[in-house]
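*Asks:* So the sequences go chain by chain: A and B.
With the first letter of the first sequence counted as 1, position 87 gets the number 87 in full-length UniProt numbering; the numbers rise by one all the way through.
With the first letter of the second sequence counted as 1, position 4 gets the number 4 in full-length UniProt numbering; the numbers rise by one all the way through.
For every residue, glycine included, the Cβ atom is placed at its ideal position computed from N, Cα and C.
As the structure is a prediction and not an experimental result, all values here were calculated from the model.
Protein chains: 2
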Amino acid sequence: MFQQLFKSIQEKVIVTHEEMELCKTFFIPKKLRKKQTLLQEGDICIYNAFIEKGILRSFYIDEKGNEHLVQFAIEGWWITDLSSFLTNSNSIYTIEALEDSELLLLTTAAREALMNQIPMFERYQRLLLQNAYIANQARINSALTETAEEKYINLGNAYPGIVKRVPQHMIASYLGLTPETLSRVRKQISNKS
Amino acid sequence: MFQQLFKSIQEKVIVTHEEMELCKTFFIPKKLRKKQTLLQEGDICIYNAFIEKGILRSFYIDEKGNEHLVQFAIEGWWITDLSSFLTNSNSIYTIEALEDSELLLLTTAAREALMNQIPMFERYQRLLLQNAYIANQARINSALTETAEEKYINLGNAYPGIVKRVPQHMIASYLGLTPETLSRVRKQISNKS
DNA sequence: AAATTCTCTTGATTTAAATCAATTAAAATT
DNA sequence: AATTTTAATTGATTTAAATCAAGAGAATTT
């Protein structure tokens, strides 16, 4: 159950065997079936979720009723609504499993306690955030400057696993494109080669 | 010289007077005149800069020669190329002062040492990153889903200080718009009221 | 103060992507 | 297996923003 999490931690910081065992006690294992949700829009996000197995997405519905895909997350990644989680505010996002998934959940309190008891866990969290920050910066640049075709090709290169695993209209939504546009972009690409 | 920095730290974590004094010794004060750069594209970003006074921007030039504004930063904010800073890679960004500015610089080594000697500084850094992550998430949503007019109005509401202080074509670049489009958007808004 | 450079505005035209609409294809449910 | 639902494709049309082009207004520099 904890393989992916331990791997993720050990890639970033050095922790003792005892710390790892202690660490386990803070997490709540949880299985989600496809289409089940971890967080409903309007609720307060009380969990930081690590994905041992499966794939999830977070999304929101705007005033006009359009759905916007905010994040995908697969094995070895974390997912939450950080804003809601940290400030106890009502989330505008829904977090949903796209396949049957196995999660390890960390409540706000458990996360705080873990960071206080194992300083290396705070470092681990900071390093994760640094990487997420860099990835988001790249996504901003992509969203502001690239054409539809460039966005799709670059996403495929950066995260081939996700593009293959997820319905096409969700990829379109993640890139800020309509499903029709993405369909045409894909056709154009395949005609070129 | 350290007023803004101390204010920023004390807003986020609790530190002793001694820790604050120790903290000072890790920073290198630096003044930049308008148009001078802290980082040149192609160089390795060796500083994490805190802004005591002034305003800076980071930007890059794409293959087609177009300039893209990545970030603004004013008093009380940090600026760096995190990717270059953390991985010692060559930066694609240039960081430049838009007004005469006063900075406090932290090298990679000084930052590591500071985090090891004052654990609350690591927490401070993590909290900064959390906020930056949330802000970037909002910027992604804006870039992917909002019209030019919405982008401009929302930026003005979120950061009135920046919109007033900076040339209009830089705001346009930050929002991923051409200067012509922003000019027309502003005209439309003023015609409405 | 004059000259130069930089910044913003306005108009005409083009273009990439969205929208609207219909059909086919695939997946899920009964 | 048949039916229903969901997803993807294709075509016609519209639209928001980009591009091209020129001129006006500010701000720096000499």
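Check the Cβ-Cβ distances between residue 119 (chain A) and every residue of chain B, and say whether any is below 8 Å.
*Replies:* By this cut-off, residue 119 (chain A) is an interface position.
*Asks:* Residues bridged to residue 50 (chain A) by DSSP?
*Replies:* DSSP, once it has assigned bridges, lists A:78 and A:104 as partnering residue 50 (chain A).
*Asks:* Write down the C-beta distance between residue 104 (chain A) and residue 27 (chain A) rounded to the nearest angstrom, noting that I regard them as a contact closer than 8 Å.
*Replies:* The pair is a contact, with the Cβ atoms about 4 Å apart (cut-off 8 Å).
*Asks:* One question on the structure: do residue 142 (chain B) and residue 131 (chain B) come within less than 8 Å of each other, judged by their Cβ atoms?
*Replies:* No, the Cβ-Cβ distance between residue 142 (chain B) and residue 131 (chain B) is not below 8 Å.
*Asks:* Report yes if the CB atom of residue 101 (chain B) is closer than 8 Å to the CB atom of residue 5 (chain B), and no otherwise.
*Replies:* Cβ atoms of residue 101 (chain B) and residue 5 (chain B): not closer than 8 Å.
*Asks:* For residue 190 (chain A), count the other beta carbons within 10 Å of its own beta carbon; 16 or more makes it buried, fewer makes it exposed. Which is it?
*Replies:* By the neighbour-count rule (16 or more Cβ atoms within 10 Å), residue 190 (chain A) is not buried but exposed.
*Asks:* In three-state DSSP terms, what is residue 149 (chain B)?
*Replies:* Of the three classes helix, strand and coil, the one that applies to residue 149 (chain B) here is helix, per DSSP.
*Asks:* Rank A:8, A:69, A:55 and A:149 by C-alpha distance to the C-alpha of residue 194 (chain A) and give the top, closest one.
*Replies:* Nothing can be reported for residue 194 (chain A), as the shown portion of chain A is limited to 1 through 193.
*Asks:* Quick one: residues in its chain with C-beta nearer than 7 Å to the C-beta of residue 98 (chain B), no 5 flanking neighbours on either side, listed in chain order?
*Replies:* Once the five neighbours on either side are set aside, the close Cβ partners of residue 98 (chain B) are 34, 55, 56, 57 and 166.
*Asks:* Considering Cα atoms alone, identify which of A:173, A:185 and A:192 is closest to residue 70 (chain A).
*Replies:* Here the closest residue by C-alpha is A:173.
*Asks:* Buried or exposed: which applies to residue 1 (chain A), given that a residue is buried once 16 or more other Cβ atoms fall within 10 Å of its Cβ?
*Replies:* Exposed, since its Cβ has fewer than 16 Cβ neighbours within 10 Å.
*Asks:* So residue 152 (chain B) and residue 175 (chain B) are supposed to be a Cβ contact under 8 Å. How far apart are they, rounded?
*Replies:* Indeed, because the Cβ distance is near 6 Å, the residues count as touching under 8 Å.
*Asks:* Relative to the C-alpha of residue 145 (chain B), which residue among A:65, A:185, A:19 and A:125 is closest?
*Replies:* Of the candidates A:65, A:185, A:19 and A:125, the one whose C-alpha sits nearest the C-alpha of residue 145 (chain B) is A:65.
*Asks:* Could you tell me which residues DSSP puts in a beta bridge with residue 90 (chain A)?
*Replies:* For residue 90 (chain A), which the question treats as bridged, DSSP gives the partners A:44.
*Asks:* For the alpha helix (DSSP H) containing residue 165 (chain B), name the first residue and the last one.
*Replies:* Segment 160-165, the alpha helix (DSSP H) holding residue 165 (chain B).
*Asks:* Give the DSSP-derived three-state secondary structure of residue 36 (chain A) in the structure shown.
*Replies:* Coil.
*Asks:* Check each residue of the segment 106-130 of chain B: if its Cβ is closer than 7 Å to any Cβ of chain A, include it; give the result in chain order.
*Replies:* From the segment 106-130 of chain B, only 119, 122, 123, 125, 126, 129 and 130 have a Cβ closer than 7 Å to chain A.
*Asks:* Is the number of C-beta pairs between the segment 79-93 of chain A and the segment 114-126 of chain A that are closer than 8 Å three or more?
*Replies:* Not touching, per the Cβ criterion.
*Asks:* So, helix, strand or coil for residue 185 (chain A), using DSSP?
*Replies:* Reduced to three states, the DSSP call for residue 185 (chain A) is helix.
*Asks:* Could you tell me which chain A residues have their CB closer than 7 Å to the CB of residue 157 (chain B), listed as they occur along the chain?
*Replies:* Those within 7 Å of residue 157 (chain B) in chain A number zero; the least Cβ separation is about 17 Å.
*Asks:* Compare the Cα-Cα distances from residue 62 (chain A) to each of A:110, A:41, A:29 and A:170 and report the closest residue.
*Replies:* Closest option to residue 62 (chain A), Cα to Cα, is A:41.
*Asks:* Just list the residues that DSSP pairs residue 60 (chain B) with in beta bridges.
*Replies:* DSSP output for residue 60 (chain B) lists B:68 as bridge partner(s).
*Asks:* Can you round the beta-carbon distance between residue 108 (chain A) and residue 46 (chain A) to whole angstroms, since I take them to be within the 8 Å contact cut?
*Replies:* With a Cβ gap of about 6 Å, residue 108 (chain A) and residue 46 (chain A) count as contacting.
*Asks:* Once the 5 residues before and after residue 16 (chain B) are set aside, which same chain residues still bring their CB inside 6 Å of it?
*Replies:* Answer for residue 16 (chain B): no residue qualifies.
*Asks:* Between residue 122 (chain B) and the rest of its own chain, which residues show a CB-CB distance below 6 Å, the 5 nearest in sequence each way excluded?
*Replies:* So the list reads 115, once near-sequence residues are dropped.
*Asks:* Answer yes or no: does any C-beta atom of chain A fall closer than 8 Å to that of residue 139 (chain B)?
*Replies:* So yes, residue 139 (chain B) belongs to the interface.
*Asks:* Going by CA-CA distance only, name the one from A:94, A:119 and A:67 that's closest to residue 179 (chain A).
*Replies:* The residue with the shortest Cα to Cα distance from residue 179 (chain A) is A:67.
*Asks:* Please determine, among B:59, B:29 and B:93, the residue with the shortest C-alpha to C-alpha distance to residue 106 (chain B).
*Replies:* Among B:59, B:29 and B:93, the Cα nearest to that of residue 106 (chain B) belongs to B:29.
*Asks:* From residue 133 (chain B) to residue 140 (chain A), what does the alpha carbon distance come to, in whole angstroms?
*Replies:* In a straight line, the C-alpha of residue 133 (chain B) is about 12 Å away from that of residue 140 (chain A).
*Asks:* Under 8 Å between C-beta atoms, does residue 152 (chain B) make it to chain A?
*Replies:* Not closer than 8 Å to any Cβ of chain A, the Cβ of residue 152 (chain B) fails to qualify, so no.
*Asks:* Straight-line CA distance for residue 53 (chain B) to residue 126 (chain B)?
*Replies:* Cα to Cα, the separation comes out at about 23 Å.
*Asks:* Contact criterion: CB-CB distance below 8 Å. Does residue 134 (chain B) meet it with respect to chain A?
*Replies:* Judged by the 8 Å Cβ criterion, residue 134 (chain B) is in contact with chain A.
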